[in-house]
Every structure is written in C-alpha cells, then in structure tokens.
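Engineer:
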Amino acid sequence: MVKRRVVEGSAERERRAALAGEASAEAALTIGPSGSAPTDLTAAAFFDVDNTMMMGASIFHFARGLAARKFFKNSDLAGFAWQQLKFRVGGREDPQSVAASREQALSFVAGRSVAELVSLGEEIYDELMADRIWAGTQALAQMHLDAGQRVWLVTATPVELAQIIARRLGLTGALGTVSESRDGIYTGRLVGDLLHGRAKAHAVRALAAKEGLDLRRCTAYSDSVNDVPMLSVVGTAVAVNPDSGLRETARKRGWEIRDFRTGRKAAKIGVPSVLGAGALAGVVAATLAYRRRTR
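Residue numbers (the numbering used here): 24 to 318.
(1) Kindly indicate which three-state DSSP category M78 falls into: helix, strand or coil?
(2) Could you tell me which uninterrupted alpha helix (DSSP H) segments, each at least 4 residues in length, are contained entirely in the region 217 to 252, listed from first to last along the chain?
(3) Given A273, which residues of its chain have a CB within under 7 Å of its CB, disregarding the five upstream and five downstream residues?
(4) Could you say which of N249, V251, E234, R38 lies nearest to Q172 if we only look at CA atoms?
(5) Quick check on DSSP: helix, strand or coil for A50?
(6) Going straight from the alpha carbon of G227 to that of E35, what length do you get?
(7) Ends of the alpha helix (DSSP H) at E271?
(8) Report the rounded CA-to-CA distance for I82 versus A60, giving the unit in angstroms.
(9) Is the region 201 to 217 close to the region 164 to 171, with three or more CB pairs under 8 Å?
(10) Would you mind stating whether A67 and L236 have Cβ atoms separated by less than 8 Å?
(11) Tell me, which residues are paired with L198 by DSSP?
(12) Is M253 near the ligand HEM, judged by its Cβ being under 7 Å from some heavy atom?
(13) Just to confirm my understanding: we take M152, look at its own chain, exclude 5 residues before and 5 after, and list those with CB closer than 6 Å. What are they?
(14) So, using beta-carbon positions, are L140 and E183 closer together than 8 Å?
(15) Considering just the uninterrupted stretch of the alpha helix (DSSP H) at I187, what are its terminal residues?
(16) Return the bridge partner residues of S204 from the DSSP annotation.
(17) Out of D149, Q161, F94, V177, state which residue places its alpha-carbon closest to the alpha-carbon of A133.
(18) With V141 as the anchor, note down where its alpha helix (DSSP H) starts and where it stops.
(19) For G207, count neighbouring C-beta atoms within 10 Å of its own C-beta (all shown protein chains included) and say buried if the count is 16 or more, exposed if not.
(20) Kindly identify the DSSP beta-bridge partner or partners of V263.
(21) Under the DSSP definition of a beta bridge, which residues are partnered with F69?
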C-alpha cells in the first residue's frame, strides 16, 4: 500500500511537470532580439537564470523589490532567504517541500492584475537585477545569437518576470512558471506546477516541437544539478557556475564546465564546442510556507 501511494505520487508529480512544461511553451512569446531574423532555424540555446545568467535568485531580488513596496513584511523575506539558503546548501528540493510550495503558490497575489506585476517587474529589474547579470554567460548567449540561433531563458521564476529579463538582455524569449489568470487578474493558482526539475525538460521539448527545433543541435546551460533533466534532452550541455552535484555529473558525462565566479576560472570566452555539437510562484510559495510553520 505504501509503495502504491509512492508510485501514484510520482505519477502525479510527473503529470504536473508535463502540464507546467506545456503551459510554459504555450505562453512563450518571441519578444526579441531586434534586428536580423535567425538564420539557423533548427538550433537554439536554453539558459537557466538563477546563478547561471544572474548572480543569485531572480525571484529573491523580485521579492526584495516587492517587500520595499509593502507587498509583504521583511520578516517574510527573511524566511524566504532561509529557504533559498537551505536549498543551495542541500542541492535538491524534496518532493514534500515542492508540494507544499505548490499548494500555497500565488495565493498572496490572488486578485492582483497581471499588468501591475509586470510593471513592478520592469522597475525591480532596473533597481536590483540589471547589475547582477554574469557578463560571461551573457557573452555565451550573444555568441548563439551571432550564430543566427534563438536563445531562450528557462526558469522557475514567473514567466512574466522571465520575459522581462529576456527582453532586457536582447534574447529571443523565456520559459517560466505560468500562473493562472482570468481577465488579466491572477486567480492564485498555478498551471500545472513550478517550472522546476523535470518540468523544464518538458518545456524545452514542447517548445522544440512548436518551433521546429532539432534538440540534437541545441545547447543548454545551467548551474544546478536539479536541471540535469533539461541538460540531458539537448545535444550539448554546459555546466555554468555549477554546484557540486552538477560539477560531478558534468565530469562523469563529459559536459563542458564554465565558471565565471573567479577571475582564474572565468577565462576569455572563445567559440567553444557548444556551437558545434548541437509573477511570483517561488517567492510566494516559500514565504507562505514559512509563515505557516512559524504560526
């Protein structure tokens, strides 16, 4: 009986991950870059955001901006910071934590307009995120653009915020967590699940089918062992600023490793082998889960 419940739970998580991936691909908009159209239509690059493209967690920077605007208390922000620290040290999120986050996600912004959160996201990007982009990773993204390929961000952060980051960086678009809305107002529910772990792999596959991409010619970049499913679906995987788990996996599988966290490791970027072979869900979930435990 216990084993059966575990299997059913796993199947439900996979179903939610698939739904999240499909919803993210459906919500993806081609928002850039301006200028010439891509010439290599079957190859693309996929970049994780947190600690890959940007120093730290984009959703935490967003949360800081929201806290400054009195969306929630600073004590809630401290609780979220603790959640992020535990996640980074542990390397993996356990299914129960993810499930609890899903149950609580977005209830804090239910009733708020999508337009309001997008406008705030624009402001907060300028205030707290623009100066935290890794120059080395941005150069890698630009390398793909210069080769005529499309470049997409793939992140658990809300798709609206992900699209802002992609547009500001001149990228093609973004895949992110999709929040349900009706008539431009958030309902307080997610479509499927957070775009995390296996959901990212589902999103990349769904977008590839939609855009006519050959995944064998595509490249994916991430810092986290949680993104191994996404890294495994493309022809070329690159570990950027990797955590210990991903560094070990990359070494075992022969994946390229790029580390921009120190001058010694962040050597100049040439044209590497990668071109040859191939709203609030997280923060609200974490802060509300934290508040529930402390009450």
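Just so it is clear, CB atoms sit at the ideal spot from N, CA and C, and this is done for glycine as well.
Structural biologist: In short, the structure shows the following:
(1) Taking the sequence shown and counting its residues from 1, one reaches residue 78 at position 55. M78 falls in the coil class under three-state DSSP.
(2) 221 to 234
(3) Residue numbering aside, residue 273 sits at position 250 when the sequence shown is read from its first letter. The answer, listed in chain order, is A262, P265, I280.
(4) As a working note, residue 172 is residue 149 in the sequence shown. It is E234 whose Cα lies nearest to the Cα of Q172.
(5) Your numbering for residue 50 matches position 27 in the sequence shown. Residue state, collapsed to three classes: helix.
(6) Along the sequence shown, one-based indexing puts residue 227 at 204. Along the sequence shown, one-based indexing puts residue 35 at 12. According to the sequence displayed, residue 227 carries Val and not Gly. V227 and E35: Cα-Cα distance of roughly 20 Å.
(7) Here residue 271 refers to the residue found at position 248 when the sequence shown is read from its first residue. Where E271 is concerned, the enclosing alpha helix (DSSP H) stretches over 267 to 276.
(8) As a working note, residue 82 is residue 59 in the sequence shown. As a working note, residue 60 is residue 37 in the sequence shown. I82 and A60: Cα-Cα distance of roughly 31 Å.
(9) no
(10) Translated into the one-based positions of the sequence shown, residue 67 becomes position 44. Translated into the one-based positions of the sequence shown, residue 236 becomes position 213. Result yes, Cβ atoms of A67 and L236 sit closer than 8 Å.
(11) Position 175 of the sequence shown, counted from the first residue, corresponds to residue 198. Paired residue(s): V177.
(12) Because no ligand of any kind appears in the structure shown, any question about the ligand HEM cannot be addressed here.
(13) Counting from one through the sequence shown, the residue named residue 152 turns up at place 129. Once the five neighbours on either side are set aside, the close Cβ partners of M152 are H84.
(14) Within the sequence shown, residue 140 is the residue found at index 117, counting from 1. Within the sequence shown, residue 183 is the residue found at index 160, counting from 1. Yes, the pair counts as a contact, with Cβ atoms nearer than the cut-off.
(15) Counting from one through the sequence shown, the residue named residue 187 turns up at place 164. Element bounds for I187: 182 to 191.
(16) Position 181 of the sequence shown, counted from the first residue, corresponds to residue 204. The partner list for S204 (beta bridge, DSSP) reads Y209.
(17) Along the sequence shown, read from residue 1 onward, the residue named residue 133 stands at position 110. Ranking the options by Cα distance to A133, first place goes to F94.
(18) Locating residue 141 in the sequence shown gives position 118, where the first residue counts as 1. Its alpha helix (DSSP H) spans residues 137 to 147.
(19) For this step, residue 207 is matched to residue 184 along the sequence shown. Answer is exposed; the Cβ neighbour count stays below 16.
(20) As a working note, residue 263 is residue 240 in the sequence shown. R281.
(21) Here residue 69 corresponds to residue number 46 of the sequence shown, with the count starting at 1. The partner list for F69 (beta bridge, DSSP) reads W175, A243.
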